[in-house]
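Asks:
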Ligand SMILES: [Zn+2]
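Numbering (the numbering used here), first residue to last: 5 to 273.
#1: Can you give me the C-alpha to C-alpha distance between residue 247 and residue 169, rounded to a whole angstrom?
#2: Going by DSSP, what residues sit across from residue 244 in a beta bridge?
#3: Excluding sequence positions up to five away, which residues of its chain have a Cβ less than 6 Å from the Cβ of residue 129?
#4: Leaving out five residues before and five after residue 125 in sequence, what residues of the same chain have Cβ atoms less than 8 Å from its Cβ?
#5: What is the DSSP secondary structure of residue 264, reduced to helix, strand or coil?
#6: Can you give me the start and stop residues for the beta strand (DSSP E) that residue 40 sits inside?
#7: What residues in its chain sit with their C-beta under 8 Å from that of residue 214, if we drop five residues either side in the sequence?
#8: Can you find at least 3 beta carbon pairs, one from the stretch 33 to 41 and one from the stretch 58 to 76, that sit closer than 8 Å?
#9: Residue 200 and residue 179 - do their beta-carbons sit closer together than 9 Å?
#10: Could you please give the first and the last residue of the uninterrupted beta strand (DSSP E) stretch that includes residue 195?
#11: Which same chain residues, not among the five before or five after residue 28, have their C-beta less than 6 Å away from its C-beta?
#12: Taking buried to mean at least 16 other C-beta atoms within 10 Å of its own C-beta, is residue 171 buried or exposed?
#13: When the Cα atoms are used, what is the spatial distance from residue 143 to residue 191?
#14: Check each candidate in 146, 212, 228 and name the one with the smallest Cα separation from residue 165.
#15: Residues in the same chain with beta-carbon distance under 8 Å from residue 109, minus the five sequence neighbours each way, listed in chain order, please.
#16: Once DSSP output is grouped into helix, strand and coil, what is the label at residue 132?
#17: Taking residue 116 as the reference, which of 219, 149, 72, 93 has the closest Cα?
#18: What is the rounded straight-line gap between the Cα of residue 226 and the Cα of residue 173?
#19: Rounded to whole angstroms, what's the CA-CA distance from residue 239 to residue 14? Just pull it up for me.
#20: I need the DSSP call for residue 215, collapsed to helix, strand or coil.
#21: Sorry if obvious, but does the Cβ on residue 40 come closer than 8 Å to a heavy atom of ligand 1?
#22: Quick check on DSSP: helix, strand or coil for residue 249?
#23: Identify every residue that forms a DSSP beta bridge with residue 231.
#24: Between 55, 92, 56, 21, which has its C-alpha nearest residue 5's C-alpha?
#25: Taking only the alpha-carbon atoms, compute the straight-line gap between residue 33 and residue 175 and give it to the nearest angstrom.
#26: Excluding five sequence neighbours on each side, which residues of the same chain lie with their C-beta closer than 7 Å to the C-beta of residue 209?
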């Protein structure tokens with residue numbers, strides 16, 4: 005069994021019998037893992053003393069509600085992934101390539117833990133047929149499974165590899181920057197506000213409804229082809245897109261591992 009398969013099974017076993025959204029603090033207690041806020045340097049979160057007294061360290065925060073945010077829940081779940089790898093005897097990464105692979109494994113563990121297959125798999129597999137269905141599914145998972153949107157988007161692509169999700173933010177200097185993409189090729193791309201897509205996003209932003217976008221507007225994303233439908237939702241400065249491709253252009257199955265080629269959420273978002 006591959007490490008990936010082991011992680012999926014362990015995530016499922018840890019989630020089984022627990023309520024949804026997964027009570028991550030209770031789970032940590034049961035596993036003997038403490039959660040602290042501390043200086044974490046450049047890290048988004050850390051797992052320390054995995055061998056004797058495991059602790060998840062989250063960055064200090066001086067405002068906001070006491071409970072953990074969706075992003076922090078994902079960070080905690082990701083660090084539990086590191087603990088599981090430690091318990092499995094997986095050696096620490098020795099080079100950047102191994103490091104990134106480990107990060108992506110822990111991202112996968114986190115989304116399977118927060119969105120267990122036994123609870124959401126049937127819905128997830130049947131739900132996404134169009135871009136609109138896909139984007140609605142991410143919103144459903146966000147509010148029902150308590151997972152951050154990017155984590156939910158990655159989880160949907162576990163079921164539907166013919167859909168791509170992107171998040172763009174408006175930057176100073178009047179560009180839109182791709183800050184998240186469920187495939188790595190478009191991350192970091194900057195789109196000038198004069199681009200027809202940027203104009204359409206800004207004009208349609210701020211509504212509470214999904215807005216359809218014509219596929220012709222996606223020319224600024226060379227990796228997206230054979231688009232069958234595209235929808236967006238967002239504020240005036242933050243836009244989320246789902247792009248469905250023609251099913252016969254699907255990428256290979258998950259087992260041949262495209263998800264391991266993706267960027268890690270924890271390291272890059
Ligand atoms: Zn990590």
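Just so you know, even glycine gets a beta-carbon here, dropped at the ideal spot from N, CA and C.
Replies: Considering the structure as presented:
#1: Here residue 247 refers to the residue found at position 243 of the chain shown. Here residue 169 refers to the residue found at position 165 of the chain shown. Cα to Cα, residue 247 sits roughly 6 Å from residue 169.
#2: To locate residue 244, count along the chain shown from 1; it is residue 240. According to DSSP, which records beta bridges pairwise, residue 244 is partnered with 171, 237.
#3: Walking along the chain shown from the start, residue 129 turns up at place 125. Excluding positions up to five away in sequence, the list reads 163.
#4: To locate residue 125, count along the chain shown from 1; it is residue 121. Excluding the 5 residues flanking it on each side, residue 125 has same chain C-beta neighbours closer than 8 Å at 163, in chain order.
#5: On the chain shown, residue 264 is found 260 positions in, with the first residue counted as 1. The pLDDT assigned to residue 264 is 43, lower than 50, so where the model puts this residue is not dependable, and the model offers no usable value.
#6: For the purposes of this step, residue 40 is taken as the residue at position 36 of the chain shown. Element bounds for residue 40: 38 to 42.
#7: Reading the chain shown from its first residue, position 210 is the one you call residue 214. Scanning its chain for C-beta atoms nearer than 8 Å, with the 5 sequence neighbours on each side dropped, one finds around residue 214 the residues 136, 139, 140, 235, 236, 237, in chain order.
#8: The stretch 33 to 41 is in contact with the stretch 58 to 76.
#9: Position 175 of the chain shown, counting from 1, holds the residue named residue 179. Position 196 of the chain shown, counting from 1, holds the residue named residue 200. Not a contact, by the Cβ cut-off of 9 Å.
#10: The count along the chain shown starts at 1 and reaches residue 195 at position 191. Element bounds for residue 195: 194 to 196.
#11: For the purposes of this step, residue 28 is taken as residue 24 along the chain shown, with counting starting at 1. Around residue 28: 77, 80.
#12: For the purposes of this step, residue 171 is taken as residue 167 along the chain shown, with counting starting at 1. So residue 171 ends up on the buried side.
#13: Translated into the one-based positions of the chain shown, residue 143 becomes position 139. Translated into the one-based positions of the chain shown, residue 191 becomes position 187. Taking C-alpha positions only, residue 143 is separated from residue 191 by approximately 21 Å.
#14: Walking along the chain shown from the start, residue 165 turns up at place 161. When each option's Cα is compared against that of residue 165, the closest is 228.
#15: Within the chain shown, numbered from 1, the residue matching residue 109 stands at position 105. Correct list, in chain order: 7, 8, 11, 85, 89, 264.
#16: Residue mapping note: residue 132 aligns to position 128 of the chain shown, counting from 1. Looking at residue 132 - three-state DSSP - the assignment turns out to be coil, as it is neither helix nor strand.
#17: Along the chain shown, read from residue 1 onward, the residue named residue 116 stands at position 112. Of 219, 149, 72, 93, the residue nearest in Cα terms is 149.
#18: On the chain shown, residue 226 is found 222 positions in, with the first residue counted as 1. On the chain shown, residue 173 is found 169 positions in, with the first residue counted as 1. Taking the straight line from one Cα to the other gives about 19 Å.
#19: In the chain shown, counting from the first residue as 1, residue 239 sits at position 235. In the chain shown, counting from the first residue as 1, residue 14 sits at position 10. Cα to Cα, residue 239 sits roughly 37 Å from residue 14.
#20: Your numbering for residue 215 matches position 211 in the chain shown. Residue 215 falls in the strand class under three-state DSSP.
#21: As a working note, residue 40 is residue 36 in the chain shown. Not under cutoff, so the answer is no.
#22: Counted from its first residue, the chain shown places residue 249 at position 245. Here residue 249 sits in strand by DSSP.
#23: Taking the first residue of the chain shown as 1, we reach residue 231 at position 227. Residue 231 pairs with 249.
#24: On the chain shown, residue 5 is found 1 positions in, with the first residue counted as 1. Minimum Cα distance to residue 5 is reached at 92.
#25: Reading the chain shown from its first residue, position 29 is the one you call residue 33. Reading the chain shown from its first residue, position 171 is the one you call residue 175. In a straight line, the C-alpha of residue 33 is about 40 Å away from that of residue 175.
#26: Against the chain shown, residue 209 aligns to sequence position 205. Excluding residues within five positions, the ones whose Cβ falls inside 7 Å are 238, 239, 240, 243.
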